[in-house]
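Colleague:
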Amino acid sequence: MYHDLIIVGGGSCGIVSAIKAKDLNIDVAIIDSSDRVGKKLLITGNGRCNLTNEKLSLSRFHSDNNNFFKDIINTYDLEYTLNFFKSIGIYTCTLDSGKIYPLSLQASSVLDILRMNLSERNIPTYMNEKVLNIINPKKGYFEIITSSTAYTCKKVLLCTGGKSYTRTGSDGSGHKLAKNFGHRLINLTPGIVQLKLNYDRLKAISGVKFESSCNIEVNGEIKKQEFGEILFTDYGISGPPILQLSRIASKGILNKSSIFIHVNLLNSDYDHIVDFFETHFAVFSYRSISDNLVGIINKKLIPIILKECGITDIHMPTYSLEYEYRFKLYKLLCDWKFQVIDTNSFENAQVTIGGIDTTEVNPITLESKLTPGLYFGGEILDVDGDCGGFNLQWCWSSSSAAVNAIYNVLKD
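Each step along the sequence shown adds one to the number in UniProt numbering, with nothing skipped, and position 193 is 193.
1. Where do the ends of the alpha helix (DSSP H) carrying Gly252 lie?
2. Rounding to the nearest angstrom, what Cα-Cα distance links Phe232 and Ser212 in this structure?
3. Would you report the Cα separation of residue 413 and Lys22, rounded to the nearest angstrom?
4. Can you list, in chain order, the residues of its chain whose CB lies under 8 Å from that of Pro317, leaving out five sequence neighbours each side?
5. Taking its Cβ as the centre, do 16 or more other Cβ atoms sit within 10 Å of Ser59, making it buried, or is it exposed?
6. Using alpha carbons as the reference points, say which of Ile311, Cys334 and His315 lies closest to residue 413.
7. Any idea if Pro372 is buried or exposed, counting beta-carbon neighbours within 10 angstroms, 16 or more meaning buried?
8. Below 8 Å, how does it come out for the segment 230 to 250 and the segment 382 to 400: are there three or more Cβ pairs, yes or no?
9. When you compare the CB positions of Ile259 and Val193, do they come within less than 8 Å of one another, or not?
10. Ordered along the chain, which non-local residues of its own chain (more than five positions away) have a Cβ less than 7 Å from that of Arg167?
11. Beta-carbon within less than 7 Å of Thr160's beta-carbon, same chain only, minus the 5 sequence neighbours each way: which residues are those?
12. What span of residues does the beta strand (DSSP E) with His262 cover, start to end?
13. Pull up the distance between the alpha-carbon of Leu202 and that of Tyr2, whole angstroms please.
14. Quick one: complete alpha helix (DSSP H) runs, 4+ long, within the segment 190 to 229?
15. In three-state DSSP terms, what is Ile123?
16. Use the C-beta contact count for Ile353: other C-beta atoms within 10 angstroms, 16 or more gives buried, fewer gives exposed.
17. How is Tyr407 classed by DSSP in three states: helix, strand or coil?
18. Give the range of the beta strand (DSSP E) segment to which Leu374 is assigned.
19. Does the distance from the C-beta atom of Leu132 to that of Thr146 stay below 8 Å?
20. Asp4 lies in the beta strand (DSSP E); which residues open and close that run?
21. Which of helix, strand or coil does DSSP assign to Val383?
22. Is the separation between the beta-carbon of Tyr407 and that of Ile26 shorter than 8 Å?
23. Can you confirm whether the segment 259 to 275 touches the segment 177 to 184 when touching is taken to mean that 3 or more C-beta pairs between the two stretches lie within less than 8 Å?
24. Looking only at DSSP bridge pairs, what is Gln393 linked to?
25. Going by other Cβ atoms of all chains shown within 10 Å of its Cβ, with 16 needed for buried, is Leu5 buried or exposed?
26. Going by other Cβ atoms of all chains shown within 10 Å of its Cβ, with 16 needed for buried, is Val283 buried or exposed?
27. Residue range of the beta strand (DSSP E) that Ile43 falls in?
28. For Leu332, which of Pro190, His262, Gly140 and Leu105 has the nearest alpha-carbon?
29. Nearest to Asp64 by CA position, among Asp313, Asn264, Lys251 and Tyr375, is which residue?
30. Whole-angstrom Cβ separation of Ala18 and Ile31, contact assumed at under 8 Å?
31. In the DSSP assignment, what are the bridge partners of Pro317?
32. If you run the structure through DSSP and keep just helix, strand and coil, what is Cys309?
33. Quick one: what's got a C-beta closer than 6 Å to Lys223's C-beta in the same chain, skipping five residues either side?
34. Ile351: buried (16+ other C-beta within 10 angstroms of its C-beta) or exposed?
35. Can you name the start and end residues of the alpha helix (DSSP H) that Glu129 belongs to?
36. State buried or exposed for Lys369, treating a residue as buried only when at least 16 other CB atoms are found within 10 Å of its CB.
Set out below in C-alpha cells:
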C-alpha cells in the first residue's frame, strides 16, 4: 500500500495533520493501533476540550531546548489556529481565565467534527495496526511494517504522542521508532499530574478542598507560586495550582532533588494572620482553641493543624494557650510545609515531559536532522505546555509546521 505521506498516530495532532495535508492535495493516510482515531481528545479539559488559550505566550511552553518552539508558536499562533477551526466547523468560546473551548463545551463534539472532516476528505485511516518498525530501504522512500501489513511512503510524520493517559493508547512506542533512526530521548516523566506527599496524616484530611496560594521549593529555593483550589488526597495533593507546579516537581524528582510544597491556608501574610487571630482570640478567649478555628478553616483540618503545632489538648480554653503555641499556629497557617516524594504515574498525567531531543530536529520544519523525510509532531517531541490548553496548541501548531514543510518538498 502506497501513500505520499503516512501519519503514524491518530490522536489530535495526527488527525489535524491529515486534514491539513489533504487540503494541500497530499496523498495522506493515518495508521493507528487503536480501533478509532482521537480517543484521548474525549478526556481533555475535563470532557469539555480546552482547545487553546487566549493568553498564548512562549513562557507557557517548556523544553530542555527552550528556543526550539519559538518560531513555530509565533508563526502558527492563536489567530491562525482559531481560523483553522472555524474553517472546519468548530466554533469557540472563551472561559475560565482565557481558556478556549468549543461552543458546545463538549470534547465529543470536537472529535465528531474532526472525524467528519476525515470522512469528507476520504482520508484512509488504517486502524488496529500496530507499527512494529519503520525502515528507510532506499533514498526517498520509507517502509512501515505493522502487525498485519506493510506500507510504503515518501514521508513519515510521527504523531504518536507521549506516555500520558496510557489507557488511551499512548504507550511511548513512537519514541522507540525514532530511536531506531538514532534519535536521542530526553528522559520521560509525568507532567500536569498530582503529587505524592510524605505525610502520615493524609487519610485524616483526604477530600478537603480550599482556595489557597502555594509555593514549590527545590533544594531550598522557592521556584514558583500558584493560586487556586487545592485538594488533599489519600496519597498527597492535587488541584489546578498543584498541576501547574508539577512540572518543576517532576524534573526535581528526576534529578533527585529535595522538594517541598508550601501551602498558605488563608492566603494571607504572616503579620495579617497574627493581627487577625490576636484580636479574634482576645474577643473569644473563653472558647476552646479548636472552636475558635471553626468557620475560618475546614473543620477536618482543625485537629490536625493543632497537633502539628504541638497543641495536644485541643479543647483547652484559648486564654490558657501559651504564646509559643499561638505563634506556631500562625506560622503554620501561612506556611504549611509538605515533602514531595513522587508524582502520580503516567496513567494520571495529562502530558509527558521529555521526548525526542529537539536539537536533532529542524525547528522550522520539524524534520529529523538524522533522517531526511522523517518528521515529528506534538507530544512525541521534548516540548510540553502548562495546563490550560497549551499542550493542544502545541499539537495544532506543530502539525501545521510539519505538514507545510512536507508540502513544500513534495510539490517540487
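For glycine and all other residues, C-beta sits at the position ideal for the given N, C-alpha and C.
Modeller: On the basis of the coordinates in this document:
1. Translated into positions along the sequence shown, residue 252 becomes position 252. Its alpha helix (DSSP H) spans residues Pro240 to Leu254.
2. To locate residue 232, count along the sequence shown from 1; it is residue 232. To locate residue 212, count along the sequence shown from 1; it is residue 212. Whole-angstrom Cα-Cα distance: 12 Å.
3. This structure cannot speak to residue 413, because the chain is shown only from 1 to 412.
4. Here residue 317 corresponds to residue number 317 of the sequence shown, with the count starting at 1. So the qualifying residues of the chain are Ser285, Tyr286, Arg287, Ser288 and Ile289.
5. Looking up residue 59 in the sequence shown gives position 59. Exposed, because fewer than 16 other Cβ atoms sit within 10 Å of the Cβ of Ser59.
6. Nothing can be reported for residue 413: it is not among the residues displayed for the chain, which extend from 1 to 412.
7. Mapped onto the sequence shown, residue 372 falls at position 372. Exposed, by the Cβ-count rule.
8. Contact holds: three or more Cβ-Cβ distances are below 8 Å.
9. Working through the sequence shown from its first residue, we reach residue 259 at position 259. Working through the sequence shown from its first residue, we reach residue 193 at position 193. Not a contact, by the Cβ cut-off of 8 Å.
10. By 1-based counting over the sequence shown, the position of residue 167 is 167. These residues qualify, in order along the chain: Glu347.
11. What you label residue 160 is simply residue 160 of the sequence shown in a count that begins at 1. Excluding positions up to five away in sequence, the list reads Val8, Gly9, Ser173, Gly174 and Ile380.
12. Position 262 of the sequence shown, counted from the start, is the residue given in the question as residue 262. It spans Ile259 to Asn264 - the beta strand (DSSP E) in which His262 sits, taken as one unbroken run.
13. Within the sequence shown, residue 202 is the residue found at index 202, counting from 1. Within the sequence shown, residue 2 is the residue found at index 2, counting from 1. About 57 Å.
14. For the segment 190 to 229, whole alpha helix (DSSP H) runs of length 4 or above, ordered along the chain, are 202 to 205.
15. Position 123 of the sequence shown, counted from the start, is the residue given in the question as residue 123. Note: Ile123 maps to coil in three-state DSSP.
16. For the purposes of this step, residue 353 is taken as the residue at position 353 of the sequence shown. By the 10 Å Cβ count, Ile353 comes out buried.
17. Counted from its first residue, the sequence shown places residue 407 at position 407. Residue state, collapsed to three classes: helix.
18. Counted from its first residue, the sequence shown places residue 374 at position 374. Per DSSP, Leu374 belongs to the beta strand (DSSP E) from Leu374 to Phe376.
19. As a working mapping, residue 132 is identified with position 132 in the sequence shown. As a working mapping, residue 146 is identified with position 146 in the sequence shown. Result yes, Cβ atoms of Leu132 and Thr146 sit closer than 8 Å.
20. Position 4 of the sequence shown, counted from the first residue, corresponds to residue 4. Note, Asp4: beta strand (DSSP E), Tyr2 to Val8.
21. Locating residue 383 in the sequence shown gives position 383, counting from the first residue. It is coil, neither helix nor strand.
22. Indexing the sequence shown from 1 puts residue 407 at position 407. Indexing the sequence shown from 1 puts residue 26 at position 26. Taking the C-beta atoms as reference points, Ile26 is found nearer than 8 Å to Tyr407.
23. no
24. The sequence position of residue 393 within the sequence shown is 393, counting from 1. Answer is none; Gln393 lacks a bridge partner.
25. Against the sequence shown, residue 5 aligns to sequence position 5. Per the 10 Å Cβ criterion, buried.
26. The residue given as residue 283 occupies position 283 in the sequence shown. So Val283 ends up on the exposed side.
27. Start at 1 with the first residue of the sequence shown, and residue 43 comes out as number 43. No beta strand (DSSP E) holds Ile43; DSSP gives it neither H nor E.
28. The sequence position of residue 332 within the sequence shown is 332, counting from 1. Checked all of Pro190, His262, Gly140 and Leu105; the closest Cα to Leu332 is His262.
29. Translated into the one-based positions of the sequence shown, residue 64 becomes position 64. Selected option, being the one with the closest Cα: Lys251.
30. The residue you call residue 18 lines up with position 18 of the sequence shown. The residue you call residue 31 lines up with position 31 of the sequence shown. With 8 Å as the limit, Ala18 and Ile31 do not qualify as a contact, their Cβ atoms being about 11 Å apart.
31. The residue given as residue 317 occupies position 317 in the sequence shown. Pro317 pairs with Ser288.
32. Your numbering for residue 309 matches position 309 in the sequence shown. In this structure, Cys309 counts as coil in the three-state DSSP scheme.
33. On the sequence shown, residue 223 is found 223 positions in, with the first residue counted as 1. Within the same chain, Lys223 has close Cβ partners Ile216 and Ile248.
34. Here the question's residue 351 lines up with position 351 in the sequence shown. Just to set this straight, residue 351 is Val in the shown sequence, not Ile. Buried is the call here.
35. In the sequence shown, residue 129 corresponds to position 129, counting from 1. Looking at the DSSP string, Glu129 is not in any alpha helix (DSSP H), and its letter there is neither H nor E.
36. Here residue 369 refers to the residue found at position 369 when the sequence shown is read from its first residue. Burial call: exposed.
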